[in-house]
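So, in structure tokens, the structure goes:
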């Protein structure tokens with residue numbers, strides 16, 4: 001994209017506003033070259049294959065998504081096991097390997113609400129059977145609160161503490177390539193970026209340099225011969241709605257502006273379904289002398305399902321922004337089924 005922009009700037013300089021005739025003979029070769037460059041650039045996009053895994057919101061119906069995922073993994077990666085037994089340690093070991101191979105197939109993981117938690121767990125290769133427990137023991141994690149004199153008007157339906165503790169516990173299992181053990185208190189989206197891309201680790205010393213690349217102008221490439229470009233990365237996307245700025249947010253592990261947010265806060269924000277859980281108030285942090293300092297004002301977020309319960313279009317928008325070219329993509333979107341109140 002850079003060389004095309006350079007050509008456009010050259011054309012702009014060679015074509016003053018006072019000139020009405022834009023197709024002079026002197027410009028024809030330049031314009032022809034530009035058309036060739038654009039055609040070549042677009043053609044390169046058709047060679048690129050992006051795989052996306054999208055997980056819908058749906059609260060406890062996330063159990064359906066996990067059952068579908070488990071069935072896919074056992075059928076594709078464990079074909080020799082006729083009757084899979086999750087209590088069989090050998091079967092479980094093979095399942096973990098199969099889950100790892102399954103997630104290796106994807107470049108983008110995107111989720112909303114309960115799907116955001118599942119997408120996160122798949123991206124970090126956390127055992128699916130561990131989070132399946134959340135949905136099988138839903139009464140424990142989605143516990144109703146006692147109402148006051150005002151009934152449900154002054155508090156949310158569920159106490160978020162159990163699910164918050166589970167999120168913190170999952171984050172505490174993460175270990176980076178350098179041996180660092182993450183905690184819910186200090187793990188940021190930059191840490192998750194480094195976990196997903198161990199060969200493209202961004203540390204405190206180089207983060208400022210990378211910020212200029214991992215901005216809204218980021219463009220991924222598959223050209224390994226070009227060291228000045230950002231190579232393809234694995235990306236986690238989680239949706240939430242910012243009520244402070246009244247705007248949609250797609251938290252992105254490859255976008256520098258989001259690196260300062262804690263992953264625990266992001267997961268709690270995407271699950272903050274209005275009236276069910278309280279809104280999540282959070283802020284960005286910046287590491288200074290090995291200590292985190294506040295880097296933004298408080299912002300309040302609620303469940304991303306208010307604008308993208310099915311987040312696949314959010315993922316495609318991000319891909320368009322980060323690849324620039326009209327690339328080929330394959331999308332696996334897993335829903336949470338339908339709810340019949342009867």
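Numbering (the UniProt record's numbering), first residue to last: 1 to 342.
Just so you know, even glycine gets a beta-carbon here, dropped at the ideal spot from N, CA and C.
Treat the numbers as computed from the prediction; the structure is a model and nothing was measured.
- A distance below 8 angstroms separates the beta carbons of residue 236 and residue 192.
- With respect to the 8 angstroms criterion, residue 330 and residue 49 are classified as neighbours on the basis of their beta carbons.
- Under DSSP, residue 159 takes part in a beta bridge, and its partners are 143.
- Taking C-alpha positions only, residue 335 is separated from residue 180 by approximately 34 angstroms.
- Contact holds between the region 111-130 and the region 293-308, because three or more Cβ pairs, one in each stretch, are under 8 angstroms apart.
- Selection 186, 80 and 312 evaluated against residue 292 yields 186 as nearest (Cα-Cα).
- For the pair of segments examined, the region 161-181 was found to touch the region 263-276: the number of CB pairs separated by less than 8 angstroms reaches three.
- Excluding residues up to 5 positions away in sequence, 233 and 234 lie with their Cβ nearer than 7 angstroms to the Cβ of residue 197 in the same chain.
- The residue among 220, 216 and 267 with its C-alpha nearest the C-alpha of residue 239 is 267.
- Apart from the 5 residues on each side of it in sequence, residue 74 sits with its Cβ closer than 8 angstroms to the Cβ of 81, 84, 95 and 98 in its chain, given in chain order.
- Within the region 185-248, the complete beta strand (DSSP E) segments at least 3 residues long are 235-242, listed from N- to C-terminus.
- Counting only the Cα atoms, residue 167 lies some 15 angstroms from residue 277.
- When secondary structure is reduced to three states using DSSP, residue 80 falls in the coil class, being assigned neither helix nor strand.
- Close CB contacts of residue 244 within its chain, under the 7 angstroms cut and outside five residues either way in sequence, are with 299 and 300 (chain order).
- Collapsing the DSSP output to three states places residue 291 in a strand.
- Scanning the region 90-122 for uninterrupted beta strand (DSSP E) segments of 3 residues or longer gives 108-111, listed from N- to C-terminal end.
- Residue environment: residue 275 is assigned as exposed (fewer than 16 neighbouring CB atoms within 10 Å of its CB, all protein chains considered).
- Contact between residue 51 and residue 105 holds: their C-beta atoms lie close to 6 angstroms from each other, under 8 angstroms.
- Out of 70, 109 and 108, the CA that lies nearest to the CA of residue 91 is found in 70.
- In this structure, the straight-line span from the alpha carbon of residue 325 to that of residue 40 is close to 11 angstroms.
- Going by beta carbons, residue 189 and residue 171 fall outside the 8 angstroms limit.
- Look at residue 329 here: in three-state DSSP terms it is strand.
- Taking residue 199 as reference, the option from 209, 178 and 285 with the minimal CA-CA separation is 178.
- Your pair residue 322 and residue 215 does not check out as a contact, with CB atoms roughly 11 angstroms apart and the cut at 8 angstroms.
- Collapsing the DSSP output to three states places residue 286 in a strand.
- For the pair residue 138 and residue 53, the CB atoms are not nearer than the 8 angstroms cut-off.
- Residue 276 is not bridged by DSSP to any residue.
- Between the beta-carbon of residue 61 and that of residue 337 there is about 6 angstroms, and that keeps the pair under the 8 angstroms contact cut.
- C-alpha of residue 135 to C-alpha of residue 213: approximately 40 angstroms in a straight line.
- The alpha-carbon of residue 287 is positioned some 35 angstroms away from that of residue 133.
- The Cβ atoms of residue 131 and residue 66 lie closer than 8 angstroms to each other.
- Judged by DSSP secondary structure, residue 136 falls outside any beta strand (DSSP E) and instead within the alpha helix (DSSP H) spanning 128-136.
- Cβ-Cβ distances below 7 angstroms link residue 158 to 142, 143, 144, 145, 276 and 277 in the same chain, with the five nearest sequence neighbours on each side left out; the list follows chain order.
- Boundaries for residue 124: no alpha helix (DSSP H) harbours it, and the DSSP string shows neither H nor E there.
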